[in-house]
Amino acid sequence: MSGPSEVQRLLAIINQAATDALSEYATHGEDVPSIYEAKSHPLDLSDAAFNLKKIIRTLEGACHQLCATLAPPLHTVLNNGQDYSWACLRVAASKGITEILDDHPDGVHIDELSLKVGITKGKLATIMRTLVARHCYQEVSKDVYANNRLSLTLRSQTPGTAFLDLQTQEGQQAAFYLQKSLDDPVYGPATDLQHTAFTYSVKDTGFSGTLYEWIREHKDRLQVMIKGMVGMNQLMGTLSVLEVFPWGKYKTICDVGSGSGSFTWSLVQKFPAIEVTMFDLPETISVAEKAAADQKNGVDRVKFSSGNFFEGSPPDGLDVYYLRNIIHNWPDNSALSILQSVQKAMRKDSRVLVHDYILPSYHDPEGDNPAHALDKAPPPMLPDFGYGNMRLHNQNLTMLFMYNSRERTVAELTGLSQAAGLKLSRVWDLGETAVFELVRSDSSE
Numbered sequence: 001m002s003g004p005s006e007v008q009r010l011l012a013i014i015n016q017a018a019t020d021a022l023s024e025y026a027t028h029g030e031d032v033p034s035i036y037e038a039k040s041h042p043l044d045l046s047d048a049a050f051n052l053k054k055i056i057r058t059l060e061g062a063c064h065q066l067c068a069t070l071a072p073p074l075h076t077v078l079n080n081g082q083d084y085s086w087a088c089l090r091v092a093a094s095k096g097i098t099e100i101l102d103d104h105p106d107g108v109h110i111d112e113l114s115l116k117v118g119i120t121k122g123k124l125a126t127i128m129r130t131l132v133a134r135h136c137y138q139e140v141s142k143d144v145y146a147n148n149r150l151s152l153t154l155r156s157q158t159p160g161t162a163f164l165d166l167q168t169q170e171g172q173q174a175a176f177y178l179q180k181s182l183d184d185p186v187y188g189p190a191t192d193l194q195h196t197a198f199t200y201s202v203k204d205t206g207f208s209g210t211l212y213e214w215i216r217e218h219k220d221r222l223q224v225m226i227k228g229m230v231g232m233n234q235l236m237g238t239l240s241v242l243e244v245f246p247w248g249k250y251k252t253i254c255d256v257g258s259g260s261g262s263f264t265w266s267l268v269q270k271f272p273a274i275e276v277t278m279f280d281l282p283e284t285i286s287v288a289e290k291a292a293a294d295q296k297n298g299v300d301r302v303k304f305s306s307g308n309f310f311e312g313s314p315p316d317g318l319d320v321y322y323l324r325n326i327i328h329n330w331p332d333n334s335a336l337s338i339l340q341s342v343q344k345a346m347r348k349d350s351r352v353l354v355h356d357y358i359l360p361s362y363h364d365p366e367g368d369n370p371a372h373a374l375d376k377a378p379p380p381m382l383p384d385f386g387y388g389n390m391r392l393h394n395q396n397l398t399m400l401f402m403y404n405s406r407e408r409t410v411a412e413l414t415g416l417s418q419a420a421g422l423k424l425s426r427v428w429d430l431g432e433t434a435v436f437e438l439v440r441s442d443s444s445e
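Residue numbering for the sequence shown follows the UniProt record's numbering, beginning at 1 and increasing consecutively.
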């Protein structure tokens, strides 16, 4: 396909995706708000937004490929390398700028805003102008700033801003040291959790251990991480699996690595016949049991089981074993141990759901089986949607920085599963994440 033909095709894809997005908003009862409105939409954090996520994946991928096609290459490369908007977002969230502007729908002058947040006028103006250029906040008149649809997400003390805090502190710190850690004769070839880009970044402080141990030593960051994981799951739309997978066919579920139980409680409240066993480390289950007192529905259908999937197995003989954001935290040998632990607990007709980001592959042999394939973008787009899946690739880098792990392709997960005595039944594409459905190797499926 020639360059001009690619451009025309990308324009057609963009137009169709934008039209589809408008229809999806209307289907949920309200038109899409103007970006200049300080107004949310029911779809913004909806469990049912997986169709919109798929549409936006196509739209973003096509828009960025169009720009990369038409712009001079150096323009695109340096724009990527010189993006400091993350630092501006961090300042805005930490200083509570959105909350200040909440009280002033007509906007606040930079002079007054400067006094309220304790940042000199000139520096704050530079930060605000950068954010406005990225459609976060708006300048309603000269030097007068107000909230808009995007800036509403930066209210402090929310799970979303906690996740932003993690990404722009520990995440950016580890990213800076990636190149140096790769060149280090010890850290470069390492695959363990003790020798990552992040642990390299703090080794001169005298710390020696894993990210998990570092977080436990820094209690303030532990609380940010706990809240940030809630924000991450909101962003990923992980509860959309409740709308897609046929949970009603099953009676007993094990939430493996359940944490405090946010998924468990959503599951039992949506499906009144389901019973769930939460399985995690003893200290985590202790917290989860206390938190259960705040629940009003489904408490009689939730059980608690403590253990360590590296030293034992989850409860035996349940219908479904659900692992969300677990496997991607671990290198292959540890991930294999986790799957083997779960496999030992399964009945012959049980199944495992691995819910993670799953990397598309251009040449994945599993893609020949429609039940095992992720969605592919239409040509001339990159088959994996390119920039439309950028958060997936950023998350993959986060796994590298923090854990020496990675998000995996269908073929890579299939290989791990087979080594654990499991086989792939189906892949459920949720638009941003995916669910990898496994059964025992001796299953008749």
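A virtual CB, placed ideally from N, CA and C, is assigned to each residue, including glycine.
* Going by CA-CA distance only, name the one from Y200, G160 and D319 that's closest to Y177. => Y200
* From what residue to what residue does the beta strand (DSSP E) around I253 run? -> T252 to V256
* To do: Below 6 angstroms CB to CB, which residues in the same chain sit around I358 once its five sequence neighbours on both sides are set aside?
  => A434
* Asked: Once you ignore the five residues that flank I14 on each side, which residues in its own chain have a CB closer than 8 angstroms to its CB?
  -> L59, A62, C63 and L66
* Exposure of residue 481, with buried meaning 16 or more beta-carbon neighbours within 10 Å -> One cannot answer for residue 481 here, as it falls past the ends of the chain, which runs 1 to 445.
* By the 10 Å Cβ neighbour count, where 16 or more other Cβ atoms means buried, how is E275 classified, buried or exposed? -> buried
* **Where the alpha helix (DSSP H) containing T284 begins and where it ends** => P282 to A291
* Considering D165, what are the terminal residues of the beta strand (DSSP E) in which it resides? -> Careful: D165 lies outside any beta strand (DSSP E), inside the alpha helix (DSSP H) at P159 to L166.
* Asked: By the 10 Å Cβ neighbour count, where 16 or more other Cβ atoms means buried, how is M1 classified, buried or exposed?
  -> exposed
* Inter-residue spacing [alpha-carbon to alpha-carbon] between I35 and C136 -> 9 angstroms
* May I have the straight-line CA-CA distance separating L323 from I215, to the nearest angstrom? => 22 angstroms
* Asked: Can you name, in chain order, every residue of its own chain whose Cβ lies under 6 angstroms from the Cβ of L131, other than the five neighbours on each side?
  -> C88 and Y137
* For A17, which residues of its own chain have a beta-carbon under 6 angstroms away from its beta-carbon, when the five flanking residues on both sides are left out? -> Apart from sequence neighbours up to five positions away, the residues of its chain that approach A17 with a beta-carbon distance below 6 angstroms are I55, T58 and L59, ordered along the chain.
* Contact set for E445: own chain, Cβ-Cβ below 6 angstroms, skip 5 residues either direction -> S425 and V439
* Any contact of the stretch 220-229 with the stretch 157-167, i.e. 3+ C-beta pairs under 8 angstroms? -> Between the stretch 220-229 and the stretch 157-167 there are three or more C-beta pairs closer than 8 angstroms, enough to call the two in contact.
* Asked: The alpha helix (DSSP H) spanning R391 covers which residue range?
  -> M390 to Y403
* Beta carbon of Y250 nearer than 7 angstroms to that of V320 -> Contact flag set, yes.
* To do: Put W428 into one of helix, strand or coil per three-state DSSP.
  => strand
* Opening and closing residue of the beta strand (DSSP E) in which K303 lies -> V302 to S306
* Contact under 7 angstroms by Cβ, V287 with S313 -> no
* Under three-state DSSP, which class holds A133? -> helix
* Is it true that the stretch 164-174 meets the stretch 197-213, where meeting means three or more beta-carbon pairs spaced less than 8 angstroms apart? -> As far as the Cβ criterion goes, the stretch 164-174 touches the stretch 197-213, which means the pair count is three or higher.
* Asked: According to the neighbour-count rule (16 or more other Cβ atoms, all chains shown, within 10 Å of its Cβ), is L267 buried or exposed?
  -> buried
* Could you give the residue range of the alpha helix (DSSP H) that holds V244? -> V241 to V244
* Between the Cα of N354 and those of F271, F207 and D429, spot the shortest distance and give me the residue it belongs to. => This sequence places Val at residue 354; Asn is not what is there. When each option's Cα is compared against that of V354, the closest is D429.
* **Any non-hydrogen atom of the ligand GDP within 6 angstroms of M1 CB** => This structure simply doesn't include the ligand GDP, nor any ligand for that matter.
* Is the stretch 390-410 touching the stretch 77-95, taking contact as three or more C-beta pairs under 8 angstroms? -> no
* To do: Any chance you could list the alpha helix (DSSP H) runs of at least 4 consecutive residues sitting entirely within the stretch 186-245, in chain order?
  => 197-202, 211-217, 219-236 and 241-244
* Can you say whether K95 is buried or exposed, counting buried as having 16 or more other CB atoms within 10 angstroms of its CB? => buried
* **Y145, DSSP secondary structure in three states** => strand
* To do: Tell me, please, which residues DSSP counts as bridged to E275.
  => T252.
* Asked: Beta carbon of P331, beta carbon of N404: below 7 angstroms?
  -> yes
* Cβ shell of F385 (< 6 angstroms), same chain only, five flanking positions each side left out -> R57, G61 and A377
* Asked: Where do the ends of the alpha helix (DSSP H) carrying A373 lie?
  -> Where A373 is concerned, there is no enclosing alpha helix (DSSP H), given that its DSSP letter is neither H nor E.
* Is L166 buried or exposed, if buried means 16 or more other CB atoms sit within 10 Å of its CB? -> buried
* Asked: So what does DSSP say about F263, is it helix, strand or coil?
  -> F263 falls in the helix class under three-state DSSP.
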